[in-house]
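Heads up, the thing below is written out as C-alpha cells.
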Amino acid sequence: MNSGLSSAPRLTSSTDSTVIEAAALTLEAPKADAGIAQSEHAESVEELHQKCGVYTLPAVAADILDRVEWLSDADLSGARLLEPAAGNGEFLVHAATRLVSSFRAQGIEPRTRQLRARITAFEIHANAASEARRRVQSALRAIGVHHHTAAACANAWIRTSDFLLEAPPTEAYTHVVGNPPYIRWSKVPDSLKSLYEQRLPAAMARGDLFLPFLDRCLDLLEAGGKCGILCSDRWLYMAFADRFRTKWLPRLAIESNEALAATAAFSQRVEAYPTILIATKRHDTAASSPQMVRRTGETLEELGCTIKVGPALGHTPAFVLEPAETDAEATLLHPWVDSSEVVEGAVEWQGRRVITLFDDDGELIDLKRFPCLSRRLSRFATQLRTRSIVKKGAVWYRTIDKVRPIDWQPPKLLIPGLARVPRVAIDQSGAVPSHGVYAVFPPSGEVEAVYAKLSHGRLAEALVDIAPTLKRGYVRCYKHFLAKIRI
577 MNSGLSSAPR LTSSTDSTVI EAAALTLEAP KADAGIAQSE HAESVEELHQ
627 KCGVYTLPAV AADILDRVEW LSDADLSGAR LLEPAAGNGE FLVHAATRLV
677 SSFRAQGIEP RTRQLRARIT AFEIHANAAS EARRRVQSAL RAIGVHHHTA
727 AACANAWIRT SDFLLEAPPT EAYTHVVGNP PYIRWSKVPD SLKSLYEQRL
777 PAAMARGDLF LPFLDRCLDL LEAGGKCGIL CSDRWLYMAF ADRFRTKWLP
827 RLAIESNEAL AATAAFSQRV EAYPTILIAT KRHDTAASSP QMVRRTGETL
877 EELGCTIKVG PALGHTPAFV LEPAETDAEA TLLHPWVDSS EVVEGAVEWQ
927 GRRVITLFDD DGELIDLKRF PCLSRRLSRF ATQLRTRSIV KKGAVWYRTI
977 DKVRPIDWQP PKLLIPGLAR VPRVAIDQSG AVPSHGVYAV FPPSGEVEAV
1027 YAKLSHGRLA EALVDIAPTL KRGYVRCYKH FLAKIRI
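In terms of this note's numbering, the sequence shown is residues 577 to 1063.
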C-alpha cells in the first residue's frame, strides 16, 4: 500500500550515527498517564486486566495486518499505525518487522528518527506493556536492527497509558489494528468507570467497553484509512450502540465482518463471540452525499407497525418436523418457514411444521397428555437437558421462546434477517417464522399498502444508509434497523 505521503530520507548514514541518534532519544519506558497512575486506580487496572487480558493468536494478528495492507512489500514510509490496547504486543511484533522490511525494500535505513513516528500503541497494564516492549525489541534485533534503535523504538511506540483517557494525537492514522477489551459496562471496575463516564461522550460510555475504543479509533483514522479490529459484533444490533451506528455506518465502507470461533482467535479459552471487522473510512463527500440524507417519510413504527423476530427454539431438530415426519400430535403442529422460503412477494413453504408447546394463555402443555410427542422429544432429551435455559430451572422440553399460533396469525410481512438482497414477502397463512426471520405486522387492513412501500427493491434502498453490508455483500436486517427505515 502506497500511502501517498513523502518518504523518509534515503540510506546515507553509518552505524555510528544510528547509535548517536538513538542515544539522543530517551530509552526510558513512557510513564503511566496521570489519570490511571494513582494508587486508587491500581486495583481497578489489575482487575480489568484479569477480566480482559485475552491475547490474540499470531496467525490472526498477521491476517488482520494483511487485510489492512500493512505489508512488508508496501511503502510504509509515510504510514502511521495505531494499536489501542497492545496487550503482550502480538500485533506490534508483526507490524514492526513488516515496517522495517518495508523501509529496507524502499532503500531507507531503519533509523530511530524515521521509525518512531510510524507506530503508536497504548497498554493500560504496566507488566503487559513491559512484555510488549521486550517482545518488539527482540523481534527487531532478530532481523538485524541495531540494539539502540530497537530499544528506542520499542519504548517510543508503546505507552503505558489508557487509550480512552490519553490526550488525542494531533495527527491522524492511516491504519488502526488491534483487539480492544470487551466487557459489559456494568462489569468495568468502579473507579475506571467513573473516570470514563466523566471524560467520554455519554453515548459511548455505555453497553460495552469496546464501544468507546471503536469510536475513538475511528475518530483518529484518516479518511481513506483502514481499520482491522478483532471485536464483538454486538455494535451491529444492540440498542446501546444506536448512536455509534448513526455516526459511523454512513462513514465506513465495511469490507468484512467475519465471525470466527474464540478458540481460533485467542490464546486462551474464553466465552466470547469475536468477529474481524475490516473497514475503510470514507471521505467526507461520501458521508454527506444526497443518498445519505434523502429520507423524509415515516418509519414503520410511526406507521403503526409492530416488528418482532421469530421465536428461538433452542434445538431446531427436536421442535421442527420435516415434511415426512409424523411423530407428534397434529393439533400441536403449525407451518414453519425459514429465510430460504421467503422470496420476494411470497412465501414458498416447503412443508415443515413447528411444535407449539404453549396454549393461547401462554401455559406450557403437559407432555403426559401427548404420548406421540413425548416419545419424539425423549430422543432429544440429552441435547435438550444440557441447554442453558434448563440449567437455570426451565422445564427440560420447553422451547426458549413461547411458540403460540395466535401470536403469528394476523397478516404480516416476512423479512430475512440476513440477505444478500433484502426482500419482503406477504404471509397470510399464519405461519411461524424461524428465529432468522423478522415479521412486520401493519395495522389491520394495511398489509398490502405497507408491502407496496417495501417491495421491488425499496426495502434494500431504505436500508442503504442504516444497515451494514457484510462479507460477500450480505445486509443485516435486524429489528433495530427495520424500525428506523423511512418509507
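We put the CB at the ideal spot given by N, CA and C, even for glycine.
- Pairing residue 674 with residue 855, the inter-Cα distance amounts to about 21 Å.
- Secondary structure of residue 1053 (DSSP, three-state): coil.
- Secondary structure at residue 685: coil, using DSSP grouped into helix, strand and coil.
- Taking the CA atoms as reference points, residue 985 sits about 18 Å from residue 906.
- In this structure, residue 797 places its C-beta atom within 7 Å of the C-beta atom of residue 749.
- By the Cβ test, the segment 660 to 672 is in contact with the segment 707 to 725, since at least three Cβ pairs between them sit closer than 8 Å.
- Classified as exposed, residue 878 has fewer than 16 neighbouring CB atoms from the shown chains inside 10 Å of its CB.
- If you draw a straight line from the Cα of residue 731 to the Cα of residue 812, it is about 36 Å long.
- Residue 1061 is positioned such that its CB atom lies closer than 7 Å to that of residue 1038.
- One thing to note: residue 660 has its Cβ no nearer than 7 Å to the Cβ of residue 804.
- Membership of residue 982 in the alpha helix (DSSP H) is indicated by the continuous run 981 to 984.
- Secondary structure at residue 946: coil, using DSSP grouped into helix, strand and coil.
- Per DSSP, reduced to three states, the secondary structure at residue 795 is helical.
- Its chain contains 757, 758, 759, 761, 764 as the residues whose beta carbon lies nearer than 7 Å to that of residue 785, once the 5 sequence neighbours on both sides are disregarded; these appear in chain order.
- With fewer than 16 other Cβ atoms from the protein chains shown falling within 10 Å of its own Cβ, residue 719 counts as exposed.
- A distance below 8 Å between beta-carbons, with the five flanking residues on each side excluded, links residue 1013 to the following residues of its chain, in chain order: 885, 886, 913, 914, 915, 918, 990, 991, 992, 993.
- Burial check for residue 982: the Cβ neighbour count within 10 Å stays below 16, so the residue is exposed.
- Judged by their CB atoms, residue 875 and residue 910 are not nearer to each other than the 7 Å cut-off.
- The segment 1015 to 1025 and the segment 945 to 954 do not touch, with fewer than three beta-carbon pairs separated by less than 8 Å.
- Sequence-distant Cβ neighbours of residue 891 in its own chain, meaning closer than 8 Å and more than five residues away, are 956, 959, 960, 963.
- Within the same chain, 701 come within 6 Å of residue 625 by CB-CB distance, once the 5 residues on both sides are set aside.
- Residue 989 has 1002, 1016 as its beta-bridge partners, per DSSP.
- Leaving aside the five residues that flank residue 1029 on each side, the residues in its chain whose CB is nearer than 7 Å to its CB run, in chain order, 1063.
- In terms of Cα proximity to residue 1034, the closest of 921, 774, 635, 633 is 921.
- Here the alpha carbons of residue 1058 and residue 648 stand approximately 43 Å from one another.
- Per DSSP, reduced to three states, the secondary structure at residue 918 is strand.
- For residue 833, the enclosing beta strand (DSSP E) has its first and last residue at 828 to 835.
- Distances from the alpha-carbon of residue 693 to those of 745, 889, 1052, 644 put 745 closest.
- One Cα belongs to residue 698, the other to residue 663, and the distance between them is close to 9 Å.
- In the DSSP assignment, residue 784 forms a beta bridge with 760.
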